[in-house]
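Okay, so the sequence shown: first residue is 852 according to our numbering, each after it adds one. Heads up, the beta-carbon is just placed ideally off N, CA and C, and yes, glycines get one too. Beneath this line is the structure, given in structure tokens, with notes to follow.
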Amino acid sequence: MTEKENHLPNLSSEERAHALELAIQARRRYAALKARVKSGELTFTDAMDEEDAKRILVASLLQSVPGIGASKTEFIMRLYRIPKSKRVGGLGIRQREALVALEKNGWKLGSLEQRNS
Numbered sequence: 852m853t854e855k856e857n858h859l860p861n862l863s864s865e866e867r868a869h870a871l872e873l874a875i876q877a878r879r880r881y882a883a884l885k886a887r888v889k890s891g892e893l894t895f896t897d898a899m900d901e902e903d904a905k906r907i908l909v910a911s912l913l914q915s916v917p918g919i920g921a922s923k924t925e926f927i928m929r930l931y932r933i934p935k936s937k938r939v940g941g942l943g944i945r946q947r948e949a950l951v952a953l954e955k956n957g958w959k960l961g962s963l964e965q966r967n968s
């Protein structure tokens with residue numbers, strides 16, 4: 852690859868170290884947010900409104916909700932047509948409203964699971 856094809860910025864070692872530190876801090880904030888959801892300190896709906904949540908994958912935030920594991924997350928994502936790579940900040944209005952309504956309903960999927968299986 853020639854230098855013209857390389858689209859990465861040329862960073863000094865200090866700039867690279869600073870960027871790495873910022874990335875580590877962001878990951879810690881995301882983990883702390885998910886831990887607050889997992890502990891029940893923060894609801895899923897409130898977590899979606901946090902600035903840091905915008906960069907978290909929807910599936911990752913869903914799995915931090917107590918009682919929602921990988922299979923329920925996958926079902927919810929398919930039900931509301933949310934791609935696996937979708938981040939909270941990129942949710943459409945209807946997708947967001949559907950997730951909020953599902954949380955208000957106590958994450959009960961019983962009738963939906965039977966209808967869509």
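- Sorting 906, 931, 946 by C-alpha distance to the C-alpha of residue 879 places 906 at the top.
- Distance from the CA atom of residue 960 to the CA atom of residue 877, rounded to whole angstroms, is 33 Å.
- Going by C-alpha positions, residue 894 is about 29 Å away from residue 872.
- Rounded to the nearest whole angstrom, the C-alpha separation of residue 951 and residue 930 is 14 Å.
- Taking a 10 Å sphere around the C-beta of residue 863, we find fewer than 16 other C-beta atoms and assign the residue as exposed.
- Counting along the chain, no alpha helix (DSSP H) covers residue 858, and no H or E run does either.
- Not a single unbroken stretch of the beta strand (DSSP E) spanning 3 or more residues falls wholly within the segment 888–941.
- For residue 959, the three-state secondary structure derived from DSSP is coil.
- Counting other Cβ atoms within 10 Å of its Cβ, residue 859 stays below 16 and is therefore classed as exposed.
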